[in-house]
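Written out below as structure tokens is the structure these notes cover.
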Ligand SMILES: Cc1cc2nc3c(=O)[nH]c(=O)nc-3n(C[C@H](O)[C@H](O)[C@H](O)COP(=O)(O)OP(=O)(O)OC[C@H]3O[C@@H](n4cnc5c(N)ncnc54)[C@H](O)[C@@H]3O)c2cc1C
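Numbering (our numbering), first residue to last: 357 to 780.
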């Protein structure tokens with residue numbers, strides 16, 4: 357059997373629901389296909405923090421009820437705890453903007469409800485797309501859905517991306533476990549907390565009143581140790597604020613953990629116009645900077661707004677380049693264990709602590725406000741110089757120089773990639 361439509365969207369996560377709704381509001385007939393059976397999204401540990409830009413996108417696409425829900429925590433920014441008993445540093449969103457926090461399953465369920473009731477959308481759940489070509493998709497059942505455009509909003513292991521580029525394009529970065537604490541408050545309500553420690557960092561924020569999500573990042577070299585609850589308890593105990601320690605320990609001992617792998621795929625390729633990639637299917641990075649859902653929502657909006665596919669791809673590549681670089685650099689800065697990287701971590705925190713402009717600049721870059729590579733390079737150089745001056749004497753100059761070389765390689769690679777693209 358073959359069905360014909362204008363647009364077929366593979367995947368009803370945040371990006372897929374957003375793009376299906378945006379196309380339908382623009383008068384197109386959309387078929388939205390989701391592999392998960394109804395009710396399964398609640399079980400998934402994934403994005404639960406949305407930047408203000410993402411909140412705006414939700415509102416513009418008519419998901420107002422989600423953003424206006426009473427009691428849903430708003431996000432004012434981040435609080436970074438440097439460790440060693442030092443006082444935290446607050447980074448506020450600029451100009452009083454507000455983000456949003458929620459249970460991932462709630463967001464997806466609510467978006468699916470809205471999109472299912474949108475005129476022009478046919479939403480089918482429990483159907484998996486098996487293969488994709490420029491004319492449409494084939495479901496596992498053998499059924500065909502044909503359309504002038506196929507949107508791959510099918511996440512990190514996208515079948516649409518594989519149909520274009522083959523498999524194996526993304527790289528594992530770390531593992532992360534999610535722990536839910538009920539009946540506790542956050543030290544700074546309405547802020548995302550970043551606790552720097554060893555072996556890596558922890559994130560924590562309220563996703564509902566008195567419900568806190570803790571995310572523990574575990575570098576891959578600890579993949580054997582992380583299976584031991586006692587190791588995990590020791591790794592989190594000294595880093596968490598005292599009020600969260602006991603409930604967190606109980607959750608770990610009780611085995612109430614949800615694990616996810618974190619991967620990296622640069623946002624370089626958005627497809628060919630007939631098969632278009634958005635959201636995590638287009639690229640993804642470590643959740644430390646919480647950009648994934650916001651990126652997917654903005655992709656969806658811009659794809660429909662910009663009639664020309666190449667213009668859409670160019671605009672999104674430019675907008676995502678600096679936030680992606682910032683995310684990778686911060687991840688390395690907060691997780692690398694060599695002495696120079698630790699000095700760099702102290703220098704970054706000190707820049708934020710002492711300079712309002714740098715705090716605003718970091719938050720602006722996260723939001724995609726700096727498209728030029730130079731907006732990243734300036735503060736990065738300042739932090740490198742600060743780290744060099746603040747080195748301790750526990751390592752050799754050779755080891756520090758080797759670490760600096762590895763630090764410079766990443767932004768250089770981005771600068772070169774950007775330069776090659778503008779020339780081509
Ligand atoms: C631990 C963790 C924490 C995170 N924290 C944050 C955060 O705080 N903030 C943030 O913004 N981001 C965060 N992220 C990232 C965020 O979860 C993702 O960026 C976001 O979910 C991507 O949305 P998406 O719609 O592109 O893809 P997904 O959410 O992955 O949705 C893809 C959908 O496609 C469906 N699908 C897949 N294959 C097929 C197929 N063949 N046929 C039909 N359907 C298919 C899937 O079932 C799924 O429903 C986090 C990620 C992780 C792993």
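We put the beta carbon where it would ideally sit given N, CA and C, even for glycine. Source: prediction; values computed, not measured.
- Taking the CA atoms as reference points, residue 453 sits about 6 Å from residue 408.
- Relative to the Cα of residue 462, the nearest Cα in the group 642, 369 and 628 belongs to 369.
- Between the segment 511 to 520 and the segment 535 to 544, the count of Cβ pairs shorter than 8 Å is below three; the stretches do not touch.
- A distance criterion of 8 Å places the beta-carbon of residue 405 in contact range of ligand 1, judged by its closest non-hydrogen atom.
- DSSP places residue 434 outside any alpha helix (DSSP H); the residue lies instead in the beta strand (DSSP E), whose first and last residues are 433 to 437.
- Annotation: the continuous alpha helix (DSSP H) that includes residue 713 extends over 712 to 722.
- In summary, residue 580 is exposed, with fewer than 16 beta-carbon neighbours lying within 10 Å of its beta-carbon over all protein chains present.
- The count of Cβ pairs closer than 8 Å, one atom from the segment 638 to 647 and one from the segment 608 to 622, reaches three, so the stretches are in contact.
- Here residue 476 is near residue 384, since their CB atoms are less than 9 Å apart.
- Nearest Cα to residue 358 within the set 697, 602, 508 and 491: 491.
- Going by DSSP, residue 360 is part of the beta strand (DSSP E) stretching over 358 to 360.
- No heavy atom of ligand 1 is found nearer than 8 Å to the CB of residue 620.
- The secondary-structure analysis by DSSP pairs residue 527 across a beta bridge with 620.
- Counting the other Cβ atoms within 10 Å of the Cβ of residue 612 gives fewer than 16, which makes it exposed.
- The beta carbon of residue 704 sits closer than 7 Å to the beta carbons of 689 and 739 from its chain, once the five residues preceding and following it are set aside; these are given in chain order.
- Between residue 437 and residue 545, the C-beta spacing is not below 9 Å.
- Residue side-chain check: residue 389 places its Cβ nearer than 8 Å to a non-hydrogen atom of ligand 1.
- Across the set 548, 685, 660 and 442, the C-alpha of 548 shows the shortest separation from the C-alpha of residue 448.
- Between residue 376 and residue 657, the CB-CB gap reaches or exceeds 9 Å.
- Its chain contains no residue whose beta carbon lies nearer than 7 Å to that of residue 473 once the 5 sequence neighbours on both sides are disregarded.
- Between residue 435 and residue 444 a beta carbon distance of about 5 Å is seen, short of the 8 Å cut, so the two are scored as contacting.
- By the 16-neighbour rule on beta-carbons within 10 angstroms, residue 523 is exposed.
- For the 9 Å CB-CB criterion, residue 559 and residue 531 do not form a contact.
- Distance between residue 521 and residue 503, taken at the CA atoms: about 21 Å.
- For residue 395, the closest C-alpha among the options 402, 465 and 361 is that of 465.
- Assignment of residue 557 by DSSP, reduced to helix, strand and coil, places it in the strand class.
- In its chain, beyond the 5 residues on either side, 678, 717, 720 and 732 have a beta carbon closer than 8 Å to the beta carbon of residue 726.
- For residue 562, the secondary structure class from DSSP, reduced to helix, strand or coil, is strand.
- Taking C-beta atoms under 8 Å as the contact rule, residue 672 and residue 655 qualify, at a distance of about 6 Å.
- Here the alpha carbons of residue 401 and residue 587 stand approximately 21 Å from one another.
- In the DSSP assignment, residue 481 falls within the unbroken beta strand (DSSP E) covering 477 to 481.
- For the options 450, 687 and 482, the alpha carbon positioned closest to that of residue 391 is the one of 482.
- Contact check for residue 755 against residue 696 passes: the beta carbons are separated by less than 9 Å.
- Per DSSP, reduced to three states, the secondary structure at residue 532 is strand.
- Taking residue 766 as the centre and dropping the five residues before and after it, the same chain places the C-beta of 681, 684, 685 and 688 closer than 8 Å to its C-beta, in chain order.
- In the three-state DSSP reduction, residue 486 falls in the strand class (E or B).
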